[in-house]
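Chains as they are written, first to last, in this note's numbering: chain A, 1 to 115; chain B, 1001 to 1112.
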């Protein structure tokens, strides 16, 4: 039973397209995140949702729009894809109020390639 | 401005010996520090953590040391095993909505 699952695992698309990445967690966690791992390998937070409410929105272009229909799902929609959006995107979840010593549970990532 | 840094992109160690992975941070407000392990094509998995009120935490073969005055932490793996070969990420929490800030990772290779 996968705790945090992302789909698709690989995504190759052309510049200018719109695409979505889906994430679901079955851990009963209240908080979900999107992280981006760029070519320099840093994992950088993009968004955080707590019980469907946006609580962290880092400096991310407006082309990226997260959507949380319920606390078990956090999807990421990207409009007008650019070459620089190519990266691995990780979804994660954590219990409410942590991110402290409990850490996150990550999905296996979605490798997005924009050509 | 990268607040968490792992300056060694890679480390190679012989099986049975000690692996020491290092991490430096700049923000004195960080209150928890974590290590994650990542295999290829998988997400990072939580390994061990330490609170800023402690200077050492041990879990089996893994020990994390925190030196607050130097803003430095390290992960020791003793003895190292080939299955430990992975990328290790250091992360820190500033307790602002649970946000974790990650370093860029160190790739550990444990040779038989």
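Even for Gly, the Cβ is constructed at its ideal location relative to N, Cα and C.
- Beta-bridge partners assigned by DSSP to residue 12 of chain A: A/113.
- Using a CB distance cut-off of 8 Å, residue 1044 of chain B counts as an interface residue toward chain A.
- From the beta-carbon of residue 1099 of chain B, the residues of chain A found nearer than 7 Å are 45, 48, 56, 99.
- In the three-state reduction of the DSSP assignment, residue 1082 of chain B falls in the helix class, which pools H, G and I.
- Per the DSSP secondary-structure output, residue 70 of chain A pairs in a beta bridge with A/73.
- At least one beta carbon of chain B lies nearer than 8 Å to the beta carbon of residue 41 of chain A.
- Counting only Cβ-Cβ distances below 9 Å, residue 1041 of chain B has contacts in chain A at 9, 108, 109, 111, in chain order.
- Neighbours of residue 64 of chain A in chain B, taken as residues whose beta carbon is under 7 Å from its own, are absent, since the nearest beta carbon is some 17 Å off.
- DSSP places residue 81 of chain A in the coil class of the three-state scheme, outside both helix and strand.
- Of all C-beta pairs linking the stretch 57-70 of chain A to the stretch 1006-1019 of chain B, fewer than three are shorter than 8 Å, placing the two stretches out of contact.
- For the options B/1011, B/1112, B/1048, B/1103, the alpha carbon positioned closest to that of residue 1004 of chain B is the one of B/1103.
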